[in-house]
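J.: One structure, as structure tokens, below. Some questions next.
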Amino acid sequence: MTPGRRSSTFTRLLRHGFTDPSAAERLLESGELAPLRDDPFLLEALGATADPDLALHGLVRLLESQPAPTARRELLDTLIAAKPLRDRLLGVLGASAALADHLARHPSDWQALVTYEPRDLHPGVEEFERGLAEAVDPISLRVAYRRCLLSIAARDVCGTTDLHETAAELADLATATLRTALAMAVAAAPGDAAVCRLAVIAMGKCGGHELNYVSDVDVIFVAEAAEGADEGKALKSATKLASHMMRICSETTVEGSIWPVDANLRPEGRNGPLVRTLSSHLAYYQRWAKTWEFQALLKARPVAGDSILGQAYVDSLEPLVWKAAERENFVPDVQKMRRRVVENIPAAEVERELKLGPGGLRDVEFAVQLLQLVHGRTDPSLRSGTTLDALQALAAGGYVGREDAARLDEAYRFLRSMEHRIQLYRLRRTHLVPEAEADLRRLGRSLGLRTDPVAELQREWKRHTGVVRRLHEKLFYRPLLDAVAQLAPGEARLSAVAARERLVALGYADPAAALRHLEALASGVTRKAAIQRTLLPVLLGWFADSADPDAGLLNFRKVSDALGKTPWYLRLLRDEGAAAENLARVLSAGRLAPDLLMRAPEAVALLGDGDGGGGLDPRERAPLEQEILAAVGRAENAEQGVTAARGVRRRELFRTAAGDIVSSYGTETSPAEADQGALVDRVGAAVSDLTAATLAGTLRAVVRDGWGDTLPTRFAIIGMGRFGGHELGYGSDADVLFVHEPQEGVDEREAAEAANKVVAEMRRLLQLPSADPPLLIDADLRPEGKSGPLVRTLKSYEAYYRRWSLVWESQALLRAEPVAGDEDLSRRFTELIDPLRYPQRGLGEDAVREIRRLKARMEAERLPRGADPRLHTKLGPGGLSDVEWTVQLIQMRHGWHEPGLRTTGTREALAHAHAAGLIAAEDAAVLDEAWVLATRVRNAVMLVRGRAGDTFPTEPRELAAVGRYLGYGAGHAGDMLDAYRRTTRRARTVVKDLFYADGS
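Numbered continuously in the numbering used here, the sequence shown closes out at residue 1001.
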């Protein structure tokens, strides 16, 4: 082949969507495709598939697997002559590797796609039963099932059927399969079949006539004794038949399995009998069934076995289903079930969950089912088991706005189509959106997104989940449901409409819960209720000014329940102007501050502007340490002493967090703090001082409990990292080194044992489970890291640093500052390390190269997989690591002759570097702005989520809360992210100039 022709073919392949044109070119030149090589329509047809490379590879495999040249010629001739077959076959091969494997194993099954008559377009149960009729055992049943599935998939990927029709066909195929499997079971045990009547009731998506490609098929079995047979014997026989039928479908064979048959929706779940009589089912549902079990029965449909018995089952239970909404706590029960489903999703999978995650398929299904159960009592038109049909009926009946229903319908179809195409690829049961680029590309193309499949898919997916999330809240939590659900049949009226509309307008996602909280807070004739009725209108406005007003109101109710009978609490809210607003800001800003407050609600006194609580300004180190040491002195043992110290720490963490939130949000009388750096410095200093005071108190408690007044060795704690730099955040561990020196006349072994016992006991006591947050001590920056001894003598440190110290350890010591213990020992340790961190004549070029190499390695190895580097506050470009390493390099090069650089604080060192002329004013400002912003983001994430994180949250409400803390209003989270990227991009440019420059 000439180079020019190769280049031309290569380009054509790229244009038609191939990602590996070289491999595709080789396949096209293979002997199997020789008759098609000049077919002008082949490339076009391949390019129309979801994955042209996959389709071409599957086609070659299919041709190779043909049993004879005549069979191969027949397939090639049909491909050339019949466009419908070409499109259907290649469409399947490009969307499903699993069906391509099936065709390679059963090379004549492609002929199932040849016929293209109108009757083939929408087959039903009878057509599928005919397709399965030749199956005589589980293996042949699987082959026949896949052959039928092949035709469904072909119609689906070619657009002959839409989602609704495809899901119905899959349910019909499942019905036919269950009937065939039951017939096999009956044929294997005719004696059992003779003594019983057995009906199979489909539940879930199969019952709802909306099945996935790969899904558990949920069933319930009901049986009766045949005329003249003993009931006990009949139930045993029915159970054998049911179990055999399940195995036929579920067991793995050389042809794989079909799908699991799941009977766990039966009464008592997996603990209950597999088969019951109709009267037993009825008795259970009348007496014991939970709300969710009636919700599940919405989908019940007889599909196999004794059809008369199956219909009797549905007819008997239907009246109970439509009375479920009259049950006490019906709506809260359904809501609780939905929340429990979300809470059980692994955190790492929430954002990829199509079915169960927020804004996913289950949100639509739950909302529709809830509305059906409430309104279907009096409106039979709503009683469809199919989600999209029920949604259409709800809109037609005025229960859902037509525009909302249309948007939900569109979103549900898109998300279900995504789910179908994901499952179709490998024929595996999954609801997770893949992460690999190739998988996302194929998925996007399969949905018709061809310009930029991955980006378009992500955009459309997020758009549709956003629609579902918003509309689900609007539908699922509609407060009128509670009112309607509590009325007698035949009555229907709206109540508290104005209150609900007000709550929705204020941004409450759960107005029903909000109304319950308001009722609990404001009802009654007590003084407490009167004061809260006065406060609530303005509190609601403050809550609504946050990203999570629902949480604000709920937390306010919790605090009021805990303190409502305390006279000073009511006076605080009524008389101190700042207290109520401060409380509203703190309760609705995230999880951390409310969690700290709920553990000791009396800390709400800190929010006042009077003298009693001391206000929200952080306390100095000295009085904090004095309070903690006094509490330790009063304790009977070390555990009580450290418990007291941790209680002070919890209270002061709340004070710091509350002050930070109020300063960041601003109040009606005081605007938000404009100096972001001042906010960062205040939090860093407050948390660092608090941590140091807590360690000092814990050290005192442990020493006093084990050795009295004098430890056999002098002992000091050296703060490292952010702790040493007075830059701790809310979620930071305490990085430390431990140093000791035996008292005069004390054996070194005795001293070392005592020092190690002190450290072990301190770490244990500070992490004991309690209402107070743990303080984690991290000593990994010690010599030899985790492999080295936890505690060393001063002489040991000296010997190690003199002989073995590496450049990274010298860099880490830039942040070393004594925080607790023996002052003289701390001073001598500082004198020991100063020459290491501020080396005479600065760093050699070898050391500089090593620092740069270490930083590059850290960025490559430590950045979490899948994280967006541009939004990673610690390791991302222009983030904390970039700024800190740049500043530290300047310190190590010039600290020996610039005393101002001999500081553990990043911002202070940066300011001195500018003052000394080592960095331009503009560059220093850029680095400072980026460092402050990244630190603020980390603090915000901890305040909002209640756990530490280095990246922005992906959940919209949490992201909005971070934005609110940083000064961005509702709907401006995108602006916040753009500003962060812009700020860190500028910082990265400066870092490249300073950190990687040959001189500095």
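Where is the CB? At the ideal position from N, CA and C, for every residue including glycine.
Give me, in chain order, the residues of the same chain whose beta-carbon lies closer than 7 Å to that of Met977; leave out the 5 immediate sequence neighbours on both sides.
T.: Residue 977 sits at position 976 when you count from the first residue of the sequence shown. Only Gly964, Leu967, Tyr969 meet the Cβ criterion.
J.: At which residues does the beta strand (DSSP E) containing His741 begin and terminate?
T.: As a working note, residue 741 is residue 740 in the sequence shown. Run containing His741: 735–743, per the beta strand (DSSP E) assignment.
J.: Quick check on DSSP: helix, strand or coil for Leu776?
T.: Indexing the sequence shown from 1 puts residue 776 at position 775. Coil, per DSSP.
J.: Determine the DSSP secondary structure at Asp869, reduced to helix, strand or coil.
T.: For the purposes of this step, residue 869 is taken as residue 868 along the sequence shown, with counting starting at 1. Asp869 falls in the coil class under three-state DSSP.
J.: Let me check understanding here. Comparing Cα to Cα, which of Gln424, Arg948, Ser671 lies closest to Pro775?
T.: In the sequence shown, counting from the first residue as 1, residue 775 sits at position 774. When only C-alpha atoms are compared, the closest one is Arg948.
J.: Return helix, strand or coil for Pro819, following the three-state DSSP convention.
T.: Your numbering for residue 819 matches position 818 in the sequence shown. Strand.
J.: Contact check, Gly358 vs Glu352 under 8 Å by CB: the rounded distance?
T.: Within the sequence shown, the letter at position 357 stands for residue 358. Within the sequence shown, the letter at position 351 stands for residue 352. 7 Å between Cβ atoms; contact.
J.: Hey, Leu522 and Leu537: beta-carbon distance below 8 Å or not?
T.: Looking up residue 522 in the sequence shown gives position 521. Looking up residue 537 in the sequence shown gives position 536. It is a contact, given that the beta carbons lie within the stated cut-off.
J.: What residues match up with Leu433 in a beta bridge as DSSP calls it?
T.: For the purposes of this step, residue 433 is taken as residue 432 along the sequence shown, with counting starting at 1. For Leu433, which the question treats as bridged, DSSP gives the partners Glu354.
J.: When we look at the beta-carbon of Pro624 and count the other beta-carbons within 10 Å, is it buried (16 or more) or exposed?
T.: Locating residue 624 in the sequence shown gives position 623, counting from the first residue. By the neighbour-count rule (16 or more Cβ atoms within 10 Å), Pro624 is not buried but exposed.
J.: Would you kindly report the start and end of the unbroken alpha helix (DSSP H) that includes Arg650?
T.: By 1-based counting over the sequence shown, the position of residue 650 is 649. Per DSSP, Arg650 belongs to the alpha helix (DSSP H) from 639–666.
J.: My output table needs one value for Leu91: the three-state DSSP class, helix, strand or coil.
T.: To locate residue 91, count along the sequence shown from 1; it is residue 90. Helix.
J.: Quick check: the region 702–717 against the region 730–747, are there 3 or more CB pairs under 8 Å?
T.: Segments in contact, yes.
J.: If we call anything under 8 Å between Cβ atoms a contact, is Leu782 one with Phe830?
T.: In the sequence shown, counting from the first residue as 1, residue 782 sits at position 781. In the sequence shown, counting from the first residue as 1, residue 830 sits at position 829. Contact: no.
J.: Reducing DSSP to helix, strand and coil, say where Ala35 ends up.
T.: Mapped onto the sequence shown, residue 35 falls at position 34. Reduced to three states, the DSSP call for Ala35 is helix.
J.: When the Cα atoms are used, what is the spatial distance from Ala813 to Met721?
T.: If you number the sequence shown from 1, residue 813 lands on position 812. If you number the sequence shown from 1, residue 721 lands on position 720. Each residue's Cα considered, the two are about 7 Å apart.
J.: Excluding five sequence neighbours on each side, which residues of the same chain lie with their C-beta closer than 8 Å to the C-beta of Asp773?
T.: If you number the sequence shown from 1, residue 773 lands on position 772. Closer than 8 Å at the Cβ level, and outside the excluded window around Asp773, lie Arg600, Thr644, Arg647, Gly648, Arg650, Arg651.
J.: Counting only the same chain and skipping the five closest in sequence on each side, list residues whose C-beta sits under 7 Å from that of Trp323.
T.: Here the question's residue 323 lines up with position 322 in the sequence shown. Within the same chain, Trp323 has close Cβ partners Gly377, Arg378.
J.: Are three or more beta carbon pairs between the region 221–234 and the region 387–405 nearer than 8 Å?
T.: No: fewer than three Cβ pairs fall under 8 Å.
J.: Count the other CB atoms, across all protein chains shown, that sit within 10 Å of the CB of Arg939; report buried if there are 16 or more and exposed otherwise.
T.: As a position in the sequence shown, residue 939 is number 938, starting the count at 1. With 16 or more Cβ atoms within 10 Å of its Cβ, Arg939 is classed as buried.
J.: From this set, Met204, Asp924, Gly257, which residue's C-alpha is nearest Ser385's C-alpha?
T.: Position 384 of the sequence shown, counted from the first residue, corresponds to residue 385. The option with the nearest alpha carbon to Ser385 is Met204.
J.: To which residues of the same chain is Asp924 closer than 6 Å at the C-beta, ignoring the five residues directly before and after it?
T.: Sequence index remark: in the sequence shown, residue 924 carries index 923 (1-based). So the list reads Val991, once near-sequence residues are dropped.
J.: Ala305 bridges to which residues according to DSSP?
T.: In the sequence shown, the residue the question calls residue 305 occupies position 304. Looking at the DSSP assignment, Ala305 forms a beta bridge with Val201.
J.: How should Val759 be labelled, buried or exposed, when 16 other C-beta atoms within 10 angstroms of its C-beta is the threshold for buried?
T.: Translated into the one-based positions of the sequence shown, residue 759 becomes position 758. Buried: at least 16 other Cβ atoms inside 10 Å.
J.: Helix or strand or just coil, what does DSSP make of Ile346?
T.: For the purposes of this step, residue 346 is taken as the residue at position 345 of the sequence shown. The answer is coil: DSSP assigns Ile346 none of H, G, I, E or B.
J.: Among residues of its own chain, excluding the 5 on either side of Leu279, which ones have a beta-carbon nearer than 8 Å to its beta-carbon?
T.: Counted from its first residue, the sequence shown places residue 279 at position 278. Closer than 8 Å at Cβ, skipping near neighbours: Val223, Glu225, Leu310, Ala313, Tyr314, Ser317.
J.: Below 8 Å, can you find three or more Cβ-Cβ pairs linking the region 909–917 to the region 886–896?
T.: These segments touch.
J.: Let me know if Arg464 comes out buried or exposed under the rule of 16 or more other beta-carbons within 10 Å of its beta-carbon.
T.: As a position in the sequence shown, residue 464 is number 463, starting the count at 1. Under this definition Arg464 is an exposed residue.
J.: With distances taken between CB atoms, is the gap from Leu1 to Ala639 smaller than 8 Å?
T.: Past the boundaries of the shown model lies residue 1; the chain is included only from 2 to 1001, so the question cannot be answered.
J.: DSSP three-state label for Val1006, please.
T.: Past the edges of the chain, shown from 2 to 1001, lies residue 1006, and the structure says nothing about it.
J.: Please classify Gln137: is it buried, with 16 or more other beta-carbons within 10 angstroms of its beta-carbon, or exposed?
T.: Counting from 1 along the sequence shown, the entry for residue 137 is found at position 136. Correcting the residue identity first, residue 137 is Val in this sequence and not Gln. It is exposed - the Cβ of Val137 has fewer than 16 other Cβ atoms within 10 Å.
J.: Where Lys875 and Ser882 are concerned, what is the direct C-alpha to C-alpha distance, given to the nearest angstrom?
T.: Stepping through the sequence shown from its first residue, residue 875 is reached at position 874. Stepping through the sequence shown from its first residue, residue 882 is reached at position 881. When rounded, the distance between both Cα atoms is 5 Å.
J.: Which ranges would you report for the alpha helix (DSSP H) in the region 793–860 if only whole runs of at least 4 residues count?
T.: Those alpha helix (DSSP H) runs which fall completely within the region 793–860 and span 4+ residues are 795–804, 808–814, 824–838.
J.: Are the CB atoms of Asp110 and Leu174 within a distance shorter than 8 Å?
T.: Walking along the sequence shown from the start, residue 174 turns up at place 173. Walking along the sequence shown from the start, residue 110 turns up at place 109. No.
J.: Starting from the C-beta of Thr466, find all residues in its chain whose C-beta is less than 6 Å away, skip the five residues before and the five after it, and write them out in chain order.
T.: To locate residue 466, count along the sequence shown from 1; it is residue 465. Counting only Cβ-Cβ distances below 6 Å, and skipping sequence neighbours, we find Gly360.
J.: In the DSSP assignment, find the beta strand (DSSP E) that holds Glu225 and state where it starts and stops.
T.: Position 224 of the sequence shown holds residue 225. From DSSP, the beta strand (DSSP E) with Glu225 extends over 218–226.
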